[in-house]
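Participant: This is the structure I have questions about; it appears just below.
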Amino acid sequence: MSRQASGLRAWALQRISAVYLGLYLIYMLGHLSFNAPESYEAWRAYVADPGVSIGMLLFVTALLIHAWVGIRDVLIDYVQPIMARVSLLSLFALGFIGCGLWFAKVVFLASVSA
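The following block contains the structure:
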């Protein structure tokens, strides 16, 4: 694959994830300002709803993709030693994967025990 296609894919991922993040944040701000859960149990029941769970998982996925493309571009542009770049990219990748798995676990546990 050529570098132009790789750059176009990163650009498209960045824009698509930004649109989803923006729309989801607008939805959540609107929903929570008019229909905020009044207790922990109500919040847990809200998160346990399959539509909300999927939306939250998509939100975190889009957030992690958006962050990965951004940090990858910054590191590729500004970190010149290849070993330092690979090390930093690996650390960020592991961190993002860990955050994604942790959030999936939280949403799964909320939906199982509700």
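Here the sequence shown stands for residues 1 to 114, where the numbers follow our numbering. All C-beta atoms in this analysis are idealised placements derived from N, C-alpha and C, irrespective of residue type, glycine included.
#1: Around the C-beta of Val74, are 16 or more other C-beta atoms found within 10 angstroms, so that it is buried, or is it exposed?
#2: Rounded to whole angstroms, what's the CA-CA distance from Phe103 to Gly30? Just pull it up for me.
#3: Please tell me whether Trp68 and Ala93 are closer than 9 Å, where the distance is taken between their beta carbons.
#4: Between Leu58 and Phe96, is the Cβ-Cβ spacing less than 9 Å?
#5: For Ser39, does the three-state DSSP call read helix, strand or coil?
#6: For Val107, which three-state DSSP category applies?
#7: Within its chain, find whatever has a CB closer than 6 Å to the CB of Ser53; leave out the 5 residues flanking it on each side and keep chain order.
#8: Which residue's Cα is closest to the Cα of Thr61: Ala18, Met83, Val86?
Facilitator: Judging by the given coordinates:
#1: Within the sequence shown, residue 74 is the residue found at index 74, counting from 1. Classification of Val74: exposed, given that the 10 Å Cβ count is below 16.
#2: Position 103 of the sequence shown, counted from the start, is the residue given in the question as residue 103. Position 30 of the sequence shown, counted from the start, is the residue given in the question as residue 30. Cα to Cα, Phe103 sits roughly 23 Å from Gly30.
#3: By 1-based counting over the sequence shown, the position of residue 68 is 68. By 1-based counting over the sequence shown, the position of residue 93 is 93. Yes, these two residues count as a Cβ contact at 9 Å.
#4: To locate residue 58, count along the sequence shown from 1; it is residue 58. To locate residue 96, count along the sequence shown from 1; it is residue 96. Against a cut-off of 9 Å, the Cβ pair of Phe96 and Leu58 comes out as no contact.
#5: The residue labelled residue 39 in the question sits at position 39 within the sequence shown. DSSP places Ser39 in coil when its eight states are reduced to three.
#6: In the sequence shown, counting from the first residue as 1, residue 107 sits at position 107. DSSP places Val107 in helix when its eight states are reduced to three.
#7: Taking the sequence shown and counting its residues from 1, the one referred to as residue 53 is at position 53. Residues of the same chain with a CB within less than 6 Å of the CB of Ser53, apart from the 5 flanking positions on each side, are Val107, Ser111 in chain order.
#8: Residue 61 sits at position 61 when you count from the first residue of the sequence shown. Out of Ala18, Met83, Val86, Ala18 has the C-alpha closest to the C-alpha of Thr61.
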